[in-house]
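To start, the structure itself, in structure tokens.
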């Protein structure tokens, strides 16, 4: 489904970034990094309005000719970014949401690991597995 | 108006629903203006079918003359030309006329309507007063015509005929009738709309449902639904109109997607045709008829359809005042189109799409600019910037395609391609021909020449960057900047490129995105190489060589770049200094020895662990660490401080962030550096307070500015490396650093004492020098210099005086090297001689306490000095040897005169004192030693303890005298005492006869031995005796040679017995024995035994009134055990004549209180010194005081009453006798006890039998 999945720390450095191996990894890094602009914009926009129950899903951050970039931000300002191929039109918003939810759950598990040092890059097989599952589905 | 009817309908905003007018045209013309004006004035509520929300709507109408042709034919779906209402106008009020012509005309009208199935009509009858007046003669009821019409035409539809009264008059009646007419018209129009549109929609839906049928065509359907959209637009229902287009859009999209999924629709074939025209969107016309025709004909390409659809949506959105939705939709559309063409596998000329997108972006932007003012545009950059960036992107790829970006300019192939692309643009649209800035012109110009392209591209890029910056999307701006940099690189302008790259790099580095960092850095390296900025290039190369994101080959390449430069032979000015952090990292530093503190000249090794980041092994000519030397007077021992307080002593770990990857260390902030502080009071070194201080508060507490991330070690541009040449260095030559951890051992200079701080680290590789500007945390070691130190301490505690004791001499040589012939000169003292010993050896050990050498000492003693010649000892070694010394026990009270030592110092008399910790008396014995390294003597003190405590006492038996000496062993050892002797020094005639039987005696620890001598004399017993007690002692189980003498001197004074006291208890008269409870007599007789000595006469005699010399004595009978009750006087004065054998008897009555053998009551005799005597002059003889164990007579007077009486008498006496003695101060009579032995009490401890009182308590018991 996704071609790139990234987890970005509150301070905007990547905790985890993985893309489909066939494509230029570097390009995704640039794309995800740039998408932080929009994430920040959206977060600050949300902050202004009365958001007691803040929506974590940020929706489509920005489309490019080839990719659609979706964002999600946890309450602790950890950002999830999923990049989807534009040609993949069968993907509905709800599916993206559920992907993010799954990702968030797995991320929470990683954080619950007492041996994980928060702020360190994520190196978890379980998390890897979840991410692979999301990327593999479309092949 | 009416005249429009013949013209083809032009789809403009001027469209209004058509209403036909039949009947009296002139009548209608007269009313047209007010009708057209008043119809839209009031809104009507339009209730919708299919549950759509009702809407308020202002109705307008286009009134045209009725013609049969206007009526839609069967199957004609056109809605715009559809007449929604037919009106028949008449002002006929004449029945005849009505019957004659009007009715017929109406019939015809009705028939033609009915023939086309149109039921939306109304007949308006206009009544005027003029008409009425005219027809006053043949009056018909006014309503009759209307009634007639109603009955003729309005079959039960009375509302289809409306009367308008006096329309041209300004009266309330006229207004009323207008209102009702307008209301009627509106209602009917809406009814017609609802009915006709409903029918149309139903048809449309039916058509849509047929879309799966083979012959179905999207284009046809498109036209139908668009018709509906037009009508909504005509009714100003833009929202509804937009919905129609959106539905079409979605439908089409779905088809394309289905196509992608393999579900092909035939009609889609036309859209799959190769794209021939890419002229971009056209948004300036409300309706692009060309494209619409194309669609209608089924000839439109996908781009045409999309363009047309979007232009319509755009128009409607702008009507709806939602321009920002246009931009958003535009971006989506453009992306979508590109995707769709790809999906449909439509063949497109390379670059054609780029042209189309570029033109479209600009067109949308122009359109938006056209309908918004500048402020609005600026405020909504976020909506437009995407288009700008997209256009920039496309122009760039076009430029690259057409060879406009390369340095050399386009090739002929490129030119051909350009021509092809331009051909696809077609001619410029007439709308923009006159506009200088049209997208068409821009593109054409940009593709025409390299210079023009550059201008346009830069303009766009900068615009996009500006906008991104304005909305603080800095990352996006930098990405555009990066792409601009790539452009500059292509153009061969690395200087400008680098600026953008550096900026981008900064952001990647600060946010820890390693892959972009690596990529950007690589580009920067290229720039720097082109600019031949050697130093920067090498620095970047070093960073890249250690970058794990690169392949080994790439890393090797960059490493080689450095090495190649380093290998160049150049002059010294060519030297390049780089930051070391990228080349190799200092990870660990270890001191050997771990204390990091050595004495001067000692070997201190520093082991550095360097993690080399290079992919290949690098040979380093010199690795050096500069040292800052601080001449700090440190303590003699190495104090650990600063960095050395780690858990592992002597090891400093350096934590560094990985320069190439990983999260920036700034995220966590600098770690706290804590140090322990202890505040001690300067006077006694006691702890006042202790605490922890943070040493780097300035870093920790620094405000973290979100805009300027703190500098990280992975610096964007290498910091200016200042090389400080230190005078001293740690250095090694020719090291090869392998990739990974390397261990390098330095030998640290340790010449001068002080603190050495490692400041910088250099690695020199040919022309390149890598510098670590600060070693942090700071690392230092100490070199100390130590003065020679001599200490003497007992080998075993405590040192006992009087016995040979071993003491240990320890010499820490410090910086002094003991040479052959050096000797310690000990000044001899009598009180502590140094015993010569045969096997005296010295041990020499090094600072690590390992034995180095052992050699014998030679000790030479002269009269004054003992000289110990030392074996040669290197500096900072320890020399140890033992000597046997003996501390002579001072014998009693002797006070030798001060002596001078050989060196002229005053000898310190060893003073004995009692130590609080031990019962033994301590003696501090000082030694004065002359050392070869100093001109001053070293004074050392040893404390010895006397193992014995000695007491003496004088015992008397009448005139005979005995001396008892008690020796108490207070030490922990057992001794043997032998040769116990007592001697008198002054009087040879005096004989001391020993009453001790044993020659040797065991004196166990904490036990005492008593010795006794009888004093015998021939002529006179001297009143003062100077005695010396001497004994030999040795620890138990040692042979005779080990016996050491022990002396004890003491002095006895007033030894002679002056008085004897004899007491006798006399039973009551007639009784044999005393009885308890009965008074008996106590007769005390005091006898003077000797002639008074000369001193005594002067001392306390006085001439009595009768000329006889007498001494006044006071006696006192006191019974402390309550055996006796003294009746009457218990004390009294006796005047003793100063002659031998003078006796004085005193009778006292006492009563025994108990029966049994009762001890005699105690009788004390005291010297009475009357007030006339010189009171304070005569001191007590101090010998008595010193012999504390001897029991003095109890000075305290038990019987207070008697004493008081004595005093009062005395005072009376003194007042009465002499008034001239006042200057003496204290003129009180005084009592003074006698020295022990001066008074002998015969009856001391005598007892007397006391019988019980008469047995009257025996009870007679009679048994009957």
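Residue numbers (this note's numbering), protein chains in the order written: chain C, 5 to 143; chain P, 1121 to 2384. Note that beta-carbon positions come from the ideal geometry of N, C-alpha and C, so glycine has one too. Note that the structure is a prediction, hence the values are computed from the model and not measured.
Check                                                                                                                                                                                : Outcome
By Cβ distance below 8 Å, which residues in the same chain neighbour residue 1737(P) in space, the five residues on each side in sequence not counted?                               : 1856, 1857, 1858 and 1859
How about residue 1593(P): is its C-beta nearer than 8 Å to some C-beta of chain C?                                                                                                  : yes
Identify each residue in the stretch 1449-1461 of chain P for which the Cβ-Cβ distance to at least one residue of chain C is less than 9 Å, and report them in chain order.          : 1451, 1452, 1454, 1455, 1456, 1458 and 1459
Does the distance from the CB of residue 72(C) to the CB of residue 85(C) come in under 8 Å?                                                                                         : no
Under three-state DSSP, which class holds residue 1492(P)?                                                                                                                           : coil
Taking Cβ-Cβ distances shorter than 7 Å, what residues in chain C pair up with residue 1599(P)?                                                                                      : 34 and 38
Given this structure, state the Cα-to-Cα distance separating residue 1908(P) from residue 1993(P), to the nearest angstrom.                                                          : 12 Å
So which of 2275(P), 1704(P) and 1377(P) has the shortest CA-CA distance to residue 90(C)?                                                                                           : 1377(P)
Does the distance from the C-beta atom of residue 2361(P) to that of residue 2181(P) stay below 8 Å?                                                                                 : yes
If you drop the 5 nearest sequence neighbours on each side, which residues of the same chain put their C-beta closer than 7 Å to that of residue 23(C)?                              : 7, 8, 29 and 32
Could you run through the stretch 1625-1645 of chain P and flag, in chain order, every residue whose CB is less than 9 Å away from some CB of chain C?                               : 1627, 1628, 1630, 1631, 1632, 1633, 1634, 1635, 1636, 1638 and 1639
For residue 97(C), count the other beta carbons within 10 Å of its own beta carbon; 16 or more makes it buried, fewer makes it exposed. Which is it?                                 : exposed
Output needed for residue 2247(P): all residues of its chain with C-beta closer than 7 Å, excluding positions within five of it in sequence on either side, in chain order.          : 2199, 2269, 2270 and 2271
Would DSSP call residue 1506(P) helix, strand or coil?                                                                                                                               : helix
Which residues in chain P sit within 8 Å of residue 67(C), going by Cβ to Cβ distance?                                                                                               : 1451, 1452 and 1455
Give the interface partners of residue 1377(P) over in chain C, defined as CB-CB distance under 7 Å, in chain order.                                                                 : 93
Is residue 1855(P) helix, strand or coil when you go by DSSP?                                                                                                                        : strand
Along the chain, which unbroken stretches of the alpha helix (DSSP H) at least 4 residues long are found entirely within the stretch 1222-1246 of chain P?                           : 1223-1235
Looking at the C-beta of residue 1596(P), does it have a partner C-beta in chain C at a distance below 8 Å?                                                                          : yes
Relative to the alpha-carbon of residue 2054(P), which residue among 1942(P), 1980(P) and 2084(P) has its alpha-carbon at the smallest distance?                                     : 1942(P)
Quick one, are the C-beta atoms of residue 1489(P) and residue 1402(P) less than 8 Å apart?                                                                                          : no
Would you tell me roughly how many angstroms separate the C-alpha atoms of residue 1539(P) and residue 1431(P), rounded to the nearest one?                                          : 28 Å
Roughly how many angstroms separate the alpha carbons of residue 75(C) and residue 1393(P), rounded to a whole number?                                                               : 37 Å
Check residue 103(C) in the structure and name its three-state DSSP category.                                                                                                        : helix
For residue 1176(P), count neighbouring C-beta atoms within 10 Å of its own C-beta (all shown protein chains included) and say buried if the count is 16 or more, exposed if not.    : exposed
Determine whether the Cβ of residue 1463(P) lies closer than 8 Å to any Cβ atom of chain C.                                                                                          : yes
Just checking: is the beta-carbon of residue 98(C) within a distance shorter than 8 Å of some beta-carbon in chain P?                                                                : no
Helix, strand or coil for residue 1835(P)? Go by DSSP, reduced to three states.                                                                                                      : Only weak support exists for where residue 1835(P) lies, its pLDDT of 39 falling under 50; the value from the coordinates is given anyway. Residue 1835(P): coil per DSSP, three-state reduction.
Counting along the chain, where does the beta strand (DSSP E) carrying residue 1345(P) start and finish?                                                                             : Element bounds for residue 1345(P): not the beta strand (DSSP E) but the alpha helix (DSSP H), 1338-1354.
In terms of DSSP beta bridges, what is residue 1644(P) paired with?                                                                                                                  : None, per the DSSP bridge assignment.
Taking Cβ-Cβ distances shorter than 7 Å, what residues in chain C pair up with residue 1400(P)?                                                                                      : Those within 7 Å of residue 1400(P) in chain C number zero; the least Cβ separation is about 16 Å.
Which runs of the alpha helix (DSSP H) spanning at least 4 residues fall entirely within the stretch 1667-1719 of chain P, listed in chain order?                                    : 1672-1687
Please specify which runs of the beta strand (DSSP E), each continuous and at least 3 residues long, are wholly inside the stretch 1930-2008 of chain P, giving them in chain order. : 1943-1947, 1961-1965, 1971-1976, 1978-1981, 1985-1989 and 1998-2006
Along chain P, which residues have their Cβ under 7 Å away from the Cβ of residue 28(C)?                                                                                             : By Cβ distance, chain P contributes nothing, its closest Cβ being about 10 Å from residue 28(C), past 7 Å.
With which residues is residue 1797(P) paired in a DSSP beta bridge?                                                                                                                 : 1811(P)
Just the C-alpha distance for residue 1597(P) and residue 1479(P), rounded to the nearest angstrom, thanks.                                                                          : 22 Å
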